[in-house]
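Participant: Residues 1 to 107 (my numbering) are what the sequence shown spells out, left to right.
Backbone N, C-alpha and C define an ideal beta-carbon position, used for all residues, glycine too.
First the structure, then my questions, so here it is.
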Amino acid sequence: MDITEYVYQLTQGFPKEEQYGLTNQIRRAATSIPANIAEGNARSSTKEYLYHLSIAIGSLAEIETYLDLAIRLHFGDRKLIDAISDTLAEERRMLRGLQRSLRAKLK
1 MDITEYVYQL TQGFPKEEQY GLTNQIRRAA TSIPANIAEG NARSSTKEYL YHLSIAIGSL
61 AEIETYLDLA IRLHFGDRKL IDAISDTLAE ERRMLRGLQR SLRAKLK
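Now the structure itself:
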């Protein structure tokens, strides 16, 4: 949820002409992370949970790409982008750990 909040803060400073472009894409990816974690957790099987965690991790990678693009286009505050990047790295570590734990449970 923190990532989503940070992304919304960041994209408020993006050019208005990007509202339906980069702003929309990065916000969509950011909201996908907690939504997929929650949906996967609510499913009845570990395999489904793992599937949704995989989607959430993919969304993390997508946001990293959009942040790189924002830097190249000189959009947004660089300190906030760096903070988001740090949060993404930590979230990835936690999700990978959860995946390992769930995979061990399947064995």
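Hey, would you say Thr23 sits closer than 8 Å to Thr4, going by beta carbons?
Facilitator: Cβ distance not < 8 Å, so Thr23 and Thr4 don't count as in contact.
Participant: Exposed or buried, what is Tyr108 when buried is set at 16 or more other beta-carbons lying within 10 Å of its beta-carbon?
Facilitator: What is shown of the chain runs 1 to 107, which leaves residue 108 out entirely.
Participant: Name the residue from Ser85, Met94 and Ala56 whose alpha carbon lies nearest to the alpha carbon of Ala35.
Facilitator: For the residues Ser85, Met94 and Ala56, the minimum Cα distance to Ala35 belongs to Ala56.
Participant: Could you give the distance in angstroms between the alpha-carbon of Tyr6 and the alpha-carbon of Ile84?
Facilitator: Cα to Cα, the separation comes out at about 7 Å.
Participant: Within a Cβ cutoff of 8 Å, which residues of the same chain sit near Tyr49, ignoring the five residues on either side of it in sequence?
Facilitator: The residues are Gly40, Asn41, Arg43 and Leu102.
Participant: Quick one: is Ala38 buried, meaning 16 or more other Cβ sit within 10 Å of its Cβ, or exposed?
Facilitator: By the neighbour-count rule (16 or more Cβ atoms within 10 Å), Ala38 is not buried but exposed.
Participant: Could you tell me if the beta carbon of Ser85 falls within a distance shorter than 7 Å of some heavy atom in the ligand FAD?
Facilitator: With respect to small molecules bound, the structure shown includes none, and the ligand FAD cannot be examined in it.
Participant: Please state whether the Cβ-Cβ distance between Ala89 and Glu62 is less than 8 Å.
Facilitator: Cβ distance not < 8 Å, so Ala89 and Glu62 don't count as in contact.
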